[in-house]
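J.:
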Amino acid sequence: MTDAIDLDPFARFRKVTRARIGLRRAGDALPTRAVLDFQLAHARARDAVHGHVDFAGLAARLQPLPVLRLASRARDRSTYLARPDLGRRVAEADLAALPPPSGCDVAFVIADGLSAAAIERQAEPVLRAALRRLGDLVIGPVILGEQARVAFGDEAGAAVGARVVVVLIGERPGLSVPDSLGVYITYDPRVGRRDSERNCISNCHADGLSAEAAADKIAWLVRAALERGLTGVELKDETTTAPVLAAPASE
Amino acid sequence: MTGYSINLGREHHVFADLKAVMAAATPEKSGDRLAGIAAETNERRVAARYVLADVPLKTFLEEPLVPYEIDEVTRLIIDTHDAAAFAPVSHMTVGQFRDFLLSHDADTSTLSALAPGLTPEMVAAVSKIMRNHDLIAVAAKTRVVTAFRTTIGLPGRLSSRLQPNHPTDDPEGIAGSTLDGLLYGIGDAVIGINPASDNLDTCVKLMVLLDRLRQRFDIPMQSCVLTHVTTSIKAIEKGAPLDLVFQSIAGTEAANRGFGVDLKLLNEGREAGLSLKRGTVGDNVMYLETGQGSALSADAHHGVDEQTLEARAYGVARSLKPLLLNTVVGFIGPEYLYDAKQIIRAGLEDHFCGKLLGVPMGVDVCYTNHAEADQDDMDSLMFLLAMAGVNFLIAVPGADDVMLNYQSLSYHDIVSLRGITGRPPAPEFDGWLRRMGLTDTHGQLATPGQIGAKARALLDYRASA
Chain W
1 MTDAIDLDPF ARFRKVTRAR IGLRRAGDAL PTRAVLDFQL AHARARDAVH
51 GHVDFAGLAA RLQPLPVLRL ASRARDRSTY LARPDLGRRV AEADLAALPP
101 PSGCDVAFVI ADGLSAAAIE RQAEPVLRAA LRRLGDLVIG PVILGEQARV
151 AFGDEAGAAV GARVVVVLIG ERPGLSVPDS LGVYITYDPR VGRRDSERNC
201 ISNCHADGLS AEAAADKIAW LVRAALERGL TGVELKDETT TAPVLAAPAS
251 E
Chain F
1001 MTGYSINLGR EHHVFADLKA VMAAATPEKS GDRLAGIAAE TNERRVAARY
1051 VLADVPLKTF LEEPLVPYEI DEVTRLIIDT HDAAAFAPVS HMTVGQFRDF
1101 LLSHDADTST LSALAPGLTP EMVAAVSKIM RNHDLIAVAA KTRVVTAFRT
1151 TIGLPGRLSS RLQPNHPTDD PEGIAGSTLD GLLYGIGDAV IGINPASDNL
1201 DTCVKLMVLL DRLRQRFDIP MQSCVLTHVT TSIKAIEKGA PLDLVFQSIA
1251 GTEAANRGFG VDLKLLNEGR EAGLSLKRGT VGDNVMYLET GQGSALSADA
1301 HHGVDEQTLE ARAYGVARSL KPLLLNTVVG FIGPEYLYDA KQIIRAGLED
1351 HFCGKLLGVP MGVDVCYTNH AEADQDDMDS LMFLLAMAGV NFLIAVPGAD
1401 DVMLNYQSLS YHDIVSLRGI TGRPPAPEFD GWLRRMGLTD THGQLATPGQ
1451 IGAKARALLD YRASA
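Going down the list, the sequences are from chains W and F.
Sequential numbering of the first sequence, starting at 1, is according to the numbering used here.
Sequential numbering of the second sequence, starting at 1001, is according to the numbering used here.
(1) For the alpha helix (DSSP H) holding W:E227, just list the boundary residues, first then last.
(2) Taking only beta-carbon positions, decide if F:L1111 is within less than 8 Å of chain W.
(3) If we define contact as Cβ-Cβ less than 8 Å, is F:T1231 a contact residue for chain W?
(4) Counting only beta-carbon separations shorter than 8 Å, does F:M1001 have a partner in chain W?
(5) Can you give me the start and stop residues for the alpha helix (DSSP H) that F:V1138 sits inside?
(6) Starting from the beta carbon of W:L81, find every residue of chain F whose beta carbon is closer than 9 Å, and list them in chain order.
(7) For a cutoff of 8 Å on Cβ pairs, would you count F:S1177 as touching chain W?
(8) At the level of alpha carbons, what is the spacing between W:Q63 and W:G182?
(9) So which residues of chain F does W:A151 contact, with C-beta pairs closer than 7 Å?
(10) Any idea if F:L1404 is buried or exposed, counting beta-carbon neighbours within 10 angstroms, 16 or more meaning buried?
(11) Assign F:P1088 to one of three DSSP states: helix, strand, or coil.
(12) Between W:A11 and chain F, is there a C-beta pair that is closer than 8 Å?
(13) Mapping the DSSP letters down to three states, classify F:D1401 as helix, strand or coil.
(14) Can you tell me whether DSSP reads F:E1063 as helix, strand or coil?
(15) Against chain F, with Cβ distances strictly below 8 Å, would W:T186 count as a contact?
(16) Cβ of F:T1280 within 7 Å of any heavy atom in the ligand PLP?
(17) Can you list the alpha helix (DSSP H) stretches of 4 or more residues lying completely in the segment 141-224 of chain W, in chain order?
(18) Do W:Y187 and W:A156 have their C-beta atoms closer together than 8 Å?
(19) Classify W:A242: buried if its beta carbon has 16 or more other beta carbons within 10 angstroms, exposed otherwise.
(20) Reducing DSSP to helix, strand and coil, say where F:P1120 ends up.
(21) Output the boundary residues of the beta strand (DSSP E) element that contains F:T1290.
(22) Determine which residues of the segment 1166-1195 of chain F have a Cβ less than 7 Å from any Cβ of chain W, and write them out in chain order.
(23) Would you check if the distance between the CB atom of F:G1036 and the CB atom of F:A1085 is smaller than 8 Å?
(24) Identify the contact partners of F:G1398 in chain W, using a Cβ-Cβ distance below 8 Å as the criterion.
(25) Is the CB of F:R1345 under 8 Å away from at least one CB in chain W?
(26) So which residues on chain F does W:P84 lean against when the C-beta distance must stay under 8 Å?
(27) I need the boundaries of the beta strand (DSSP E) containing W:A111, first residue and last residue.
(28) Using alpha carbons as the reference points, say which of W:A11, W:H42, W:R14 and W:V16 lies closest to F:A1373.
(29) Which value, in whole angstroms, describes the spacing of the CA atoms of W:R14 and F:R1045?
(30) To the nearest angstrom, report how far apart W:A116 and F:V1089 are at their CA atoms.
(31) Please report whether the beta-carbon of W:G174 lies at a distance below 8 Å from any beta-carbon of chain F.
(32) Is DSSP giving F:T1151 helix, strand or coil here?
(33) If you measure beta-carbon to beta-carbon, which residues of the segment 1218-1229 of chain F are closer than 9 Å to chain W?
(34) Between W:G170, W:A206, W:A130 and W:A211, which lies nearest to F:H1370 when the distance is taken from Cα to Cα?
(35) What does the alpha-carbon distance come out to for the pair W:F38 and F:D1134?
(36) Below 6 Å CB to CB, which residues in the same chain sit around F:P1064 once its five sequence neighbours on both sides are set aside?
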């Protein structure tokens, strides 16, 4: 038995798991450092959930792309968290103010979801990388959805007459990753679409799927959706990439 | 009777039917608001409790909240009701039943004999007029003992599930979290993995991994890969070393269909588990999970409040004679239980209702990052549940589940609870910890410096070896 093992018998596991193992004890409790590390991670996750996306700044950065800002029917964060039904719908006033749908192949929605940090860090690179791959298609305005859930994209996409809607949304933060972006792709978006009618790409973040890799998948799925006229369980992602960590947790 | 009403001063409160009374009487839950069935005012909530307190227990046999004709869970509850066991309380109202439960006449053996005579709806109803104190005081008198390779629920014991989840089901990663937990004396209820993949081969590999560990160190334990019951049945057909058959269940036929199960399939799963005869000290072969809000989430709630539906899930559970059942109380999210107050209340309700119905209750004391809760709140709930005599609690390394992205209790929390409340693990597992030199003669954990050769061998274990 070497001294190294006595110092940290769990060292050999740390390269294969992020689990908080081998933390040692203060009496029966967690040592100070472990308690504070946990609190920091939780604080970051909470800040991601309750943070505000600077949608005005994002709209300015996206210029000259046409941008539409739409709010959901959840007026604030606590309503959003308690009433998922309201976060799935576009505010009536915002809908009424829209021009008649002009039609497009694909519209992108950037929705805050459960992580403002994910939108601030991942949304723009993923959007730009996807647009670069879809230059031959008719692209609708980029819709910025505030207090919005995945199904918000159904009503928003229908409002602009999109054949396919791609929703980029902040996933529910974990302690290890507070800024993961999820992508949901839905053919023929309209209110009432079921989750089984969407394709999902999850875990877009610095230690997960890169913006370029996510964009490859988005482009493949959008083209396949337009070609076959559907998304969801009937449409399997046939692009090949390394296995991705964790399950989607946006909803 | 179709009308339920009461005059409170100048206000006349009318409730359309029994399920409306039940929903309005329920302590505030975001899920009942989302369903549109919560009391609109605080006064109305208490008015409903006055009304409920005067409802005879028998009414719940005569007026099913979910119709008998359309729901097999209702049929199971009504058809298996034990009238003889019910007789001692059959004349009581809900309010009288509460007073009886709290009385010294209602001791452990009385409550055990009563369990088959109670329906989930009766138990849910009485819980709605009970304070947290009452839920703890009565639950502490109940006893539900089950066994497989360890015996769980014995008086003065506190068991735990070791949950070594990994985002890609990496065997070495899972081994690391498992060995860490064993050093803390965790895992006497079960070592249970939530697999990231439902793939049959992956699940079988994980079963083999834990079974080899068990045999290598002669650990009195049971393992479980928490996959769908159909996958477990297939694994059994392939000859996998499966100890417990897992399934998430809910309180209505439609919600269970949303989980891809019905009563027939659940019984097939149990039969398949029993056929292996792997238990040494008992033959409880099922592990079940539930949680308030799951029926609403599946749009299968029939206008019934989420806490009553949760109790109905225990009605399903007790017919399956599980080794373990836990509510995943804070996992389902703030749209069902908004904050720590609601999570703590729900945890105590679930534990009380399950125990009174004769279900071996555990709790995943937990929360997600979008709920208004933190580890201080989990500390409160775990101590309350220990006082209430919970059979087992779930623990993950450092309270952080890196696969499911939520927070539960840490291994340390279980050790501390056991020390403070003087509740050791299940006797078979406790003996093993001592034989391995992991605990001393007082049951205290050995310090790293004191760890002997046997425990060191555990630390050197390799999943791939």
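Glycine is no exception: its CB is placed at the ideal position from the N, C-alpha and C atoms.
T.: Straight from the coordinates:
(1) From DSSP, the alpha helix (DSSP H) with W:E227 extends over A211 to R228.
(2) Not closer than 8 Å to any Cβ of chain W, the Cβ of F:L1111 fails to qualify, so no.
(3) Interface annotation, F:T1231: not in contact with chain W, CB-CB separation never under 8 Å.
(4) Low local confidence applies: a pLDDT of 45 at F:M1001 is under 50, so the model's placement there is unreliable, with the coordinate-based value given in what follows. No, F:M1001 does not count as interfacial toward chain W.
(5) The continuous alpha helix (DSSP H) containing F:V1138 extends over residues N1132 to A1139.
(6) Under the 9 Å cutoff, chain F gives S1030, G1333, P1334, E1335, Y1338, H1370, A1371 and E1372.
(7) Taking 8 Å as the threshold, the shortest C-beta distance from F:S1177 to chain W falls below it.
(8) Each residue's CA atom was taken as its position, placing W:Q63 and W:G182 some 23 Å apart.
(9) Result: empty, since nearest Cβ-Cβ is about 14 Å, beyond 7 Å.
(10) F:L1404 is buried by the Cβ-count criterion.
(11) Helix, per DSSP.
(12) W:A11 does not count as touching chain F.
(13) Shown here, F:D1401 sits in a strand according to DSSP, grouped into three states.
(14) In the structure shown, F:E1063 sits in coil (DSSP, three-state: anything other than H, G, I, E or B).
(15) Proximity of W:T186 to chain F, defined by a Cβ-Cβ separation below 8 Å, is not satisfied.
(16) Within the structure as shown, the ligand PLP is missing, as the structure has no ligands at all.
(17) Considered as a whole, the segment 141-224 of chain W harbours 152-159 as its complete alpha helix (DSSP H) runs of no fewer than 4 residues, in chain order.
(18) Their beta carbons are not under 8 Å apart, which means W:Y187 does not touch W:A156 by this criterion.
(19) A caution first: W:A242 carries a pLDDT of 43, below 50, which makes its placement in the model too unreliable to give a value.
(20) Reduced to three states, the DSSP call for F:P1120 is helix.
(21) Segment M1286 to T1290, the beta strand (DSSP E) holding F:T1290.
(22) Flagged, chain order: H1166, P1167, T1168, D1170, E1172, G1173, G1176, S1177 and D1180.
(23) Result no, Cβ atoms of F:G1036 and F:A1085 do not sit closer than 8 Å.
(24) Close partners of F:G1398 in chain W (Cβ separation under 8 Å): A19, R20, I21, L23, L30, A34 and F38.
(25) Chain W contact via Cβ: absent.
(26) Residues of chain F with a Cβ closer than 8 Å to the Cβ of W:P84 are, in chain order, L1034 and E1335.
(27) C104 to A111 is the span of the beta strand (DSSP E), which, as asked, contains W:A111.
(28) It is W:H42 whose Cα lies nearest to the Cα of F:A1373.
(29) So the alpha carbons of these two residues sit roughly 51 Å apart.
(30) Each residue's alpha carbon lies about 55 Å from the other.
(31) Taking CB atoms only, W:G174 has a neighbour in chain F less than 8 Å away.
(32) Secondary structure of F:T1151 (DSSP, three-state): strand.
(33) Within the segment 1218-1229 of chain F, no residue qualifies.
(34) Nearest option by C-alpha distance: W:G170.
(35) One C-alpha to the other measures close to 34 Å.
(36) When the five nearest sequence neighbours on each side are left out, the beta carbons in the same chain lying within less than 6 Å of the beta carbon of F:P1064 are those of T1074, in order along the chain.
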